[in-house]
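Worksheet: one structure, shown below.
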Amino acid sequence: MWSFLLEIVFQVMLPIFVLLLAGALLHRKFSFHLASFSKLLTNFFLPVVVFVNISSSNLDAGLLLDIGGFLVIQFIILALLSWGLVKLLKIDSNLAPTFQNSIVLMNSGNFGLPVSQLVFAGNPLGISVQVIVLMFQNLITYTYGLMISASTKSTGFWSNLSELFKTPIIYALVLGLIFYQVPWELPSFIQTPMMQVSNGFIALALIVLGAQIAYPTLKQFSLLFFISIVGRLVAAPLIGLGIIWVMGLDGTVAQGLLIASSFPMSRNSALFALEYNNHPEYAAQAVLVSTIASCFTVTFFIYLSQLLF
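By the count of the numbering used here, the sequence shown reaches residue 395 at its end, each step adding exactly one.
Below, the structure is given as structure tokens:
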């Protein structure tokens with residue numbers, strides 16, 4: 087057991103945190119323009135990764151239904167759990183949206199996808215599972231997540247929903263599905279740079295994430311703070327494990343879904359909190375602490391996924 091855990095730490099988690107540290111140190115020295123890097127990832131690198139992995143995956147309709155069913159059930163349970171905790175703990179109405187998003191939304195992009203690419207290297211199915219998770223997370227981020235955050239202000243449903251369709255990841259998914267279904271092949275002068283971009287995604291995504299947490303200010307420690315951390319890093323994957331067992335999932339799909347369930351809080355939680363003034367300091371520090379703590383929790387759930395499935 088211990089040798090297997092150490093292997094996961096050295097082969098998956100340590101490379102990730104080396105790049106996170108590199109990003110933090112480089113940002114402290116050179117003061118990157120993070121908004122530009124974020125746009126580069128969201129509008130170029132992520133869409134290319136989504137397209138490349140979906141178009142070359144071996145997902146069938148049955149697997150898509152299984153993955154989609156799992157994600158919908160898990161989302162409903164986590165949303166109800168976070169809402170119930172808000173009522174039970176009588177959380178302030180301005181803090182409640184940030185608390186709920188911290189449990190429901192996860193960093194499936196510039197943390198989750200690199201982890202999956204390392205865990206499932208040479209296994210396109212495992213990476214494709216994470217791509218579907220990423221798409222679903224984008225969907226609920228710009229619907230549920232944004233509307234929960236905006237509930238403290240008057241913002242229209244369609245205005246919030248329109249944000250989802252501004253993300254090119256959606257269109258990359260559609261194109262990927264088209265190329266998956268039909269025997270088309272891109273010319274090599276397009277295919278080659280797309281593969282190069284896809285291969286470079288891990289490094290850039292983690293360096294940018296490291297830069298985003300380069301200036302930690304930890305002041306928000308409280309029982310509520312730790313409840314949200316435990317909810318995201320422990321309760322969410324355990325709920326995911328229960329759903330996997332109930333649905334009878336197995337193999338790579340079960341591994342991919344359990345690992346994806348364990349990822350830390352989404353940086354969008356902090357962005358929404360900042361935009362709507364819903365305790366942005368709490369959100370930023372929760373994202374930082376959950377990302378650091380995930381070194382231990384994600385390692386454990388990677389081990390558990392390979393032990394069980």
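Note that CB positions come from ideal geometry on N, CA and C, so glycine has one too.
In chain order, what residues of the same chain have a beta carbon less than 8 Å from the beta carbon of residue i, not counting five sequence neighbours either side?
| i | result |
| --- | --- |
| residue 202 | 212, 213, 215, 216, 342, 345 and 346 |
| residue 97 | 204 |
| residue 226 | 161, 190 and 191 |
| residue 221 | 136, 255, 256 and 259 |
| residue 107 | 296 |
| residue 286 | 131 |
| residue 103 | 381 |
| residue 177 | 171, 185 and 310 |
| residue 279 | none |
| residue 101 | 204 |
Between which residues of its own chain and residue i is the CB-CB distance below 7 Å, once the five residues before and five after are set aside?
| i | result |
| --- | --- |
| residue 140 | 214, 217, 259, 262, 263 and 266 |
| residue 142 | 210 |
| residue 187 | 231, 234, 235, 355 and 358 |
| residue 385 | 91, 94, 95 and 99 |
| residue 383 | 319, 320 and 348 |
For residue i, is the classification buried or exposed, using 16 other Cβ atoms within 10 angstroms of its Cβ as the cut-off for buried?
| i | result |
| --- | --- |
| residue 183 | buried |
| residue 371 | buried |
| residue 168 | buried |
| residue 352 | buried |
| residue 193 | buried |
| residue 158 | exposed |
| residue 162 | exposed |
| residue 117 | exposed |
| residue 275 | exposed |
| residue 196 | buried |
| residue 154 | exposed |
| residue 387 | buried |
| residue 146 | exposed |
| residue 109 | buried |
| residue 326 | buried |
| residue 307 | exposed |
| residue 251 | exposed |
| residue 268 | exposed |
| residue 208 | exposed |
How about residue i and residue j: are their beta carbons less than 8 Å apart?
| i | j | result |
| --- | --- | --- |
| residue 105 | residue 293 | yes |
| residue 350 | residue 288 | no |
| residue 281 | residue 156 | no |
| residue 149 | residue 339 | yes |
| residue 164 | residue 291 | no |
| residue 224 | residue 364 | no |
| residue 391 | residue 319 | no |
| residue 283 | residue 134 | yes |
| residue 113 | residue 369 | no |
| residue 128 | residue 229 | no |
| residue 337 | residue 395 | yes |
| residue 152 | residue 335 | yes |
| residue 175 | residue 298 | no |
Might you give, ordered along the chain, the residues of its own chain that have their beta carbon closer than 6 Å to the beta carbon of residue i, omitting 5 neighbours on each side?
| i | result |
| --- | --- |
| residue 309 | none |
| residue 366 | 359 and 360 |
| residue 166 | none |
| residue 219 | 194 and 346 |
| residue 206 | 212 and 213 |
Using the DSSP secondary-structure output, state which residues sit across from residue i in a beta bridge.
| i | result |
| --- | --- |
| residue 351 | 192 |
*Would you be able to state if there are at least three C-beta pairs under 8 Å between the region 370–388 and the region 304–319?*
Yes, the region 304–319 touches the region 370–388.
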